[in-house]
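Right, one structure below, let's go through it.
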Amino acid sequence: MNHLSVYRKFDNGSFVMLIDNTKERYLATQNLDLQKSVYGEKIIEIEDLEYRIWEPFRSKLAAAILRNLEENPIKESSSVLYLGASTGTTVSHVSDIVGNKGVIFAVEPSARVAREFLENVASRRKNIIPILMDARNYLQYYSYYGLVDVVYSDIAQPDQTDIAINNCKSYLKGGGHLVIIIKTRSIDVLMDPKVVTKNEARKLEKNNFEILQVVDLEPFDKDHSLIHAKYLG
Amino acid sequence: MADNEYRFLILELGIAILNHENELLHFRKFHDPLQSHLQLKQNDFSEVAESLEFFKSKPDVLVTNYPSMIDFLRQSSEAVEKISSDDERRVQIYKKKIYSSIKNLEADNVELDERTIKNNLRDFSLKWSSLRIQEASAQLDLHVSQSVNALDEIDKIINTIGTRMREWYGLHFPELDNLLQNIVTYASIVSKFGDRSEITKDFLLTLEIPDNKIEIIIETAHRSKGGKITAENLSILQSLATQVISLSKIRKTLEEHIEASMDEISPNVKELLTATVGARLIAKAGSLKRLASLSSSTIQILGAEKALFRTLKTGANPPKHGLLFQHPVIHSAPKWQRGKLARAISAKAAIAARVDLYGRNTVTNSALSTKLNERITEIQEKYKEPSEPQKKRNYEQPQGFRRGDRNRYNRNKGRNYERHRDGDKDRDGDFKFKKNKFKKKFHKSNKK
Numbered sequence: 001m002n003h004l005s006v007y008r009k010f011d012n013g014s015f016v017m018l019i020d021n022t023k024e025r026y027l028a029t030q031n032l033d034l035q036k037s038v039y040g041e042k043i044i045e046i047e048d049l050e051y052r053i054w055e056p057f058r059s060k061l062a063a064a065i066l067r068n069l070e071e072n073p074i075k076e077s078s079s080v081l082y083l084g085a086s087t088g089t090t091v092s093h094v095s096d097i098v099g100n101k102g103v104i105f106a107v108e109p110s111a112r113v114a115r116e117f118l119e120n121v122a123s124r125r126k127n128i129i130p131i132l133m134d135a136r137n138y139l140q141y142y143s144y145y146g147l148v149d150v151v152y153s154d155i156a157q158p159d160q161t162d163i164a165i166n167n168c169k170s171y172l173k174g175g176g177h178l179v180i181i182i183k184t185r186s187i188d189v190l191m192d193p194k195v196v197t198k199n200e201a202r203k204l205e206k207n208n209f210e211i212l213q214v215v216d217l218e219p220f221d222k223d224h225s226l227i228h229a230k231y232l233g
Numbered sequence: 234m235a236d237n238e239y240r241f242l243i244l245e246l247g248i249a250i251l252n253h254e255n256e257l258l259h260f261r262k263f264h265d266p267l268q269s270h271l272q273l274k275q276n277d278f279s280e281v282a283e284s285l286e287f288f289k290s291k292p293d294v295l296v297t298n299y300p301s302m303i304d305f306l307r308q309s310s311e312a313v314e315k316i317s318s319d320d321e322r323r324v325q326i327y328k329k330k331i332y333s334s335i336k337n338l339e340a341d342n343v344e345l346d347e348r349t350i351k352n353n354l355r356d357f358s359l360k361w362s363s364l365r366i367q368e369a370s371a372q373l374d375l376h377v378s379q380s381v382n383a384l385d386e387i388d389k390i391i392n393t394i395g396t397r398m399r400e401w402y403g404l405h406f407p408e409l410d411n412l413l414q415n416i417v418t419y420a421s422i423v424s425k426f427g428d429r430s431e432i433t434k435d436f437l438l439t440l441e442i443p444d445n446k447i448e449i450i451i452e453t454a455h456r457s458k459g460g461k462i463t464a465e466n467l468s469i470l471q472s473l474a475t476q477v478i479s480l481s482k483i484r485k486t487l488e489e490h491i492e493a494s495m496d497e498i499s500p501n502v503k504e505l506l507t508a509t510v511g512a513r514l515i516a517k518a519g520s521l522k523r524l525a526s527l528s529s530s531t532i533q534i535l536g537a538e539k540a541l542f543r544t545l546k547t548g549a550n551p552p553k554h555g556l557l558f559q560h561p562v563i564h565s566a567p568k569w570q571r572g573k574l575a576r577a578i579s580a581k582a583a584i585a586a587r588v589d590l591y592g593r594n595t596v597t598n599s600a601l602s603t604k605l606n607e608r609i610t611e612i613q614e615k616y617k618e619p620s621e622p623q624k625k626r627n628y629e630q631p632q633g634f635r636r637g638d639r640n641r642y643n644r645n646k647g648r649n650y651e652r653h654r655d656g657d658k659d660r661d662g663d664f665k666f667k668k669n670k671f672k673k674k675f676h677k678s679n680k681k
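These protein sequences, in sequence, are chains U and V.
Oh and the first sequence: position 56 is 56 in this note's numbering, straight run, nothing missing.
Start counting at 1 in the second sequence, then tack on 233, and there's your number in this note's numbering.
What follows is the structure in structure tokens.
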């Protein structure tokens, strides 16, 4: 990585694609928490703006964008219900994108990973409200209010789609977007990943969602796919 | 819905009372939300009581979202119910509206604009989450699983350093290796003496080595085939030996500690499985709570995940036991009894874990272990001999097929198993990433 410059801006510059002089491309978001790197990603300054490289091998949303996600539903100042925050790798980039006008409700059940998440991400970024709960108990979220524009779900559970659907029914605006990462091996180790994805997509359609796009995340993540759907209300 | 129905809600930032049309009638802000929620959690309802004064006449029906408060609320209303899940959902959705209508209520004199609400909520949720993490990290079963993992690692270290020490000291005194099995005795000789000719009878006696062996050791030391060792080499070797000794001391305290803490957190599991096996199961499951939620069949093969997935993928024999193999009864049993024993033991272990987690008193209940022992003796007597000659499985795979294809085909006729990994080359997209190239680039850039 030598000299980097901005190659393309997405959604009015909420995140960008950088290019170096060997024409290698990198995704990056404008850093909200200055001079702080969350998971060892590189921080770059271009024209007085600070960017964090968004690694597709670490973050499935970045992988999906590089694998041609047509429209990224998470935009500046949107409110997001994020299921499965984990240590906050992707959450930090989502927080960069939505900016200070947006808000992220980040749900994570495991105390062990939430510890790092709170320390490195949630306590430093003002637009994140952490919720230390299982996404299955979606009616008991504290610190939650209103309806959100986007539900982002990245939980490796056999019933991951049902959990996402329940959360959407309670908290997603009519016409809002659902981004769900399907980890096919958590649903069925034996079945063909493509069949699993298809089944989950069908399940969404039955529950009043319109499938906008299905993205296979290979080569960044094995047996993962991302489904982008619209909630019809 | 009755006109006199009210919703009595505990929200993050305060207590709210809504009427049957979901209009906010009353709101009392918590001065310190964290403290108030902690009080509520310990069933201290003093703050709630003040809000109850809102009701001049007794309402017909009172609905609450805080189940443990129901008994308390009965004082002010005949009919108190838990909120229905539909209503709960509505409250969650309208929370923003509830908060924004607060400033219209003059009685409480609170003003909250949207930004303050958001900041207050964030503040509360950060503190609340930190508290939850603190609580979770203080649980004793997590400490037990850490100590049992530490025990395993120390065993590994003792083994590797010990073998190295034997090998190294073997250059100087090769005969000692065969004479002493115990690694700690060996290490204490090395750390005490070093040169083989200096070994004394008195010291060997303190190590509880039998007399005839002592004589052999001293005799062989004088006519050993080993080479000389320099002082420098010897001092390094001796520090390795002291490490082995101190590690085995730690190991012993760990073992005692595990024993003691298992008595505290899970006496019934300990009674059935011994302390270390029980602790290992807890460690593998993640926590006692998780273990108690597992089915006995899962407990039976906990620790044999690799074999289980092999079964699922190739149709090989399923595992009979995982960690449970370390249970003395199963360990010493003949092969054909082990599956049955593992099943019996895991069945009772599952019950024991639940008794330990949910039981009021932490006293061991002997009923479980007597029943288990009965069953164990029954199995041992009934299946003294292998019931039929064990068929030798043909592990060679038929030519032209991949591993497990035959079984897979038979079990899952009609399911599609073809995977087109390699045929994915024609996927559309303007960036074609070569995985390795891309990955390498990233690693390089990170190291800079």
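We put the beta carbon where it would ideally sit given N, CA and C, even for glycine.
Predicted model, so just to flag it, every value in this text is computed and none were measured.
Using a Cβ-Cβ distance under 8 Å, would residue i count as near chain U?
i       : result
I248(V) : no
R652(V) : In this prediction, R652(V) has a pLDDT of 43, which is less than 50 and means its spatial position is unreliable; what the coordinates show is noted afterwards. So, interface residue.
R348(V) : no
S329(V) : Looking at the sequence shown, residue 329(V) is not Ser but Lys. Yes, K329(V) lies at the interface with chain U (some Cβ there is under 8 Å from its Cβ).
W361(V) : yes
Q272(V) : no
Y299(V) : no
R355(V) : yes
S334(V) : no
E408(V) : no
R543(V) : no
S528(V) : no
Should residue i be flagged as near chain V, meaning a C-beta pair shorter than 8 Å?
i       : result
R115(U) : yes
G175(U) : no
I182(U) : no
L139(U) : yes
A122(U) : yes
P130(U) : yes
Leaving out five residues on either side along the sequence, give the residues of the same chain with a beta carbon under 6 Å from the beta carbon of residue i.
i       : result
T87(U)  : V113, E116 and F117
K399(V) : A small correction: the amino acid at residue 399(V) is Arg; Lys does not occupy that position in the sequence shown. Once the five neighbours on either side are set aside, the close Cβ partners of R399(V) are D410.
R348(V) : none
F15(U)  : T29 and I97
F406(V) : R429, S457 and G459
Leaving out the 5 sequence neighbours to the left and right, which residues in its chain are closer than 7 Å to residue i when beta-carbon positions are compared?
i       : result
C168(U) : V151, L178 and Y231
D188(U) : V196
L590(V) : L521, K522 and A525
Please check the pair residue i and residue j, which I expect to be a contact at CB under 8 Å, by giving their CB distance rounded to whole angstroms.
i       : j       : result
P266(V) : F357(V) : 5 Å
L69(U)  : L27(U)  : That belief does not hold up - the Cβ atoms of L69(U) and L27(U) are roughly 11 Å apart, past 8 Å.
I181(U) : S153(U) : 7 Å
K581(V) : L605(V) : 5 Å
I387(V) : R484(V) : 5 Å
By a C-beta neighbour count over all protein chains shown, 10 Å radius and 16 as the cutoff for buried, is residue i buried or exposed?
i       : result
T184(U) : buried
A508(V) : buried
N447(V) : Note that residue 447(V) is Ile in the sequence shown, not Asn. It counts as buried.
D435(V) : exposed
E651(V) : Confidence at E651(V) is low in this model, with a pLDDT of 45, below 50, so its placement is unreliable and no value can be given for it.
L34(U)  : exposed
I432(V) : buried
R202(U) : exposed
Comparing alpha-carbon positions, which option in the options lies nearest residue i?
i       : options                               : result
F260(V) : S430(V), L244(V) and D277(V)          : L244(V)
E238(V) : E280(V), N276(V) and D320(V)          : D320(V)
T22(U)  : K206(U), L212(U) and Y7(U)            : Y7(U)
E119(U) : M133(U), S37(U), L18(U) and E205(U)   : S37(U)
K194(U) : A85(U), L81(U), S170(U) and K222(U)   : K222(U)
I584(V) : L524(V), K573(V) and L556(V)          : L524(V)
V281(V) : S309(V), I366(V), S317(V) and N550(V) : S309(V)
I155(U) : G102(U), S77(U) and S110(U)           : S110(U)
S334(V) : K389(V), L359(V), I250(V) and V296(V) : I250(V)
P619(V) : K573(V), S472(V), I391(V) and K262(V) : K573(V)
A512(V) : L527(V), F426(V), S494(V) and S528(V) : S494(V)
P443(V) : Q367(V), V562(V), S290(V) and L413(V) : L413(V)
I491(V) : A516(V), K315(V) and F278(V)          : A516(V)
Here's a check: name, in chain order, each residue in its chain whose Cβ is nearer than 8 Å to the Cβ of residue i, leaving out the five neighbours to either side.
i       : result
V417(V) : V477, I478 and S481
Y141(U) : F105, V107, I131 and M133
List, in chain order, every chain C residue whose beta-carbon is nearer than 7 Å to that of residue i.
i       : result
A111(U) : The structure shown contains no chain C; the protein chains it does contain are U and V.
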